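A short worksheet on the structure shown next.
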Amino acid sequence: MIILIVLGFLVVCLIGWFISTSNNINRIKLKIDESLSGVEIQLRQRYDVLMQGKKVAEQYAQHEQRVFEGLRHLTQVPSNATIDQLNEASKTQEEAVRGFFALGEAYPELKSAEIFNNLINKLSDQSNQYSAARRAVNGNITKLNNYTVTFPSSIVCGMKNVTKMDYIHEENIDQIKNVDLSMNI
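The C-terminal residue of the sequence shown carries number 741 in the numbering used here, and the numbering is unbroken.
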């Protein structure tokens, strides 16, 4: 009789642990989805700022085609983008941001224009906001990945088909500000 009570208690504890771990995994997945939408928003906003910058650059440097070539490759971030799509959008946007900083260095009269300075400030602020959003996503992905690789939570992840996720790549903000004056976009 005592053995059945102990076994029943162990089964109840095991079921309770399984439910608790499963709920924690579900909460982390929701946080990842929520924070991914923040990254999408930041990338869309940076895209808009870059498109405004294209108009400014066209006004001041119509003969500088390399910057405009780099902007032609920009695409709007799709809704519910995958991490690979977000990484690709981020990469092309970072190249365009570097091009704008280089454009300002190459054309002092443009750099002294208030509208261009406002654009550069917006791009810097936007890059900082994007970095914060990316850190939130990657922090949540780390939590989920910890569940997928640690025992015994990895058993629950396996049962729920939860696998280790890739991170959103980190851009080096200092690299953006250290402009390549050759403007190889």
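Where a beta carbon is used, it is the ideal one built from N, C-alpha and C, also for glycine.
These figures come from a predicted structure and were not determined experimentally.
Considering just the uninterrupted stretch of the alpha helix (DSSP H) at Thr704, what are its terminal residues? 670-705
Rounded to the nearest angstrom, how far is the Cβ of Ser576 from that of Val693, given a contact under 8 Å? Not really, about 24 Å apart at Cβ, beyond 8 Å.
What span of residues does the alpha helix (DSSP H) with Met715 cover, start to end? 709-715
Looking at the secondary structure, which residues open and close the alpha helix (DSSP H) in which Leu630 lies? No alpha helix (DSSP H) holds Leu630; DSSP gives it neither H nor E.
Could you tell me whether the Cβ atoms of Val653 and Arg600 are closer together than 7 Å? no
Less than 7 Å between the C-beta atoms of Ala662 and Val595, yes or no? no
Range of the contiguous alpha helix (DSSP H) that encloses Asp722: Element bounds for Asp722: n/a, residue is neither H nor E.
Leaving out five residues before and five after Trp573 in sequence, what residues of the same chain have Cβ atoms less than 6 Å from its Cβ? none
Is the number of C-beta pairs between the segment 668-685 and the segment 607-614 that are closer than 8 Å three or more? yes
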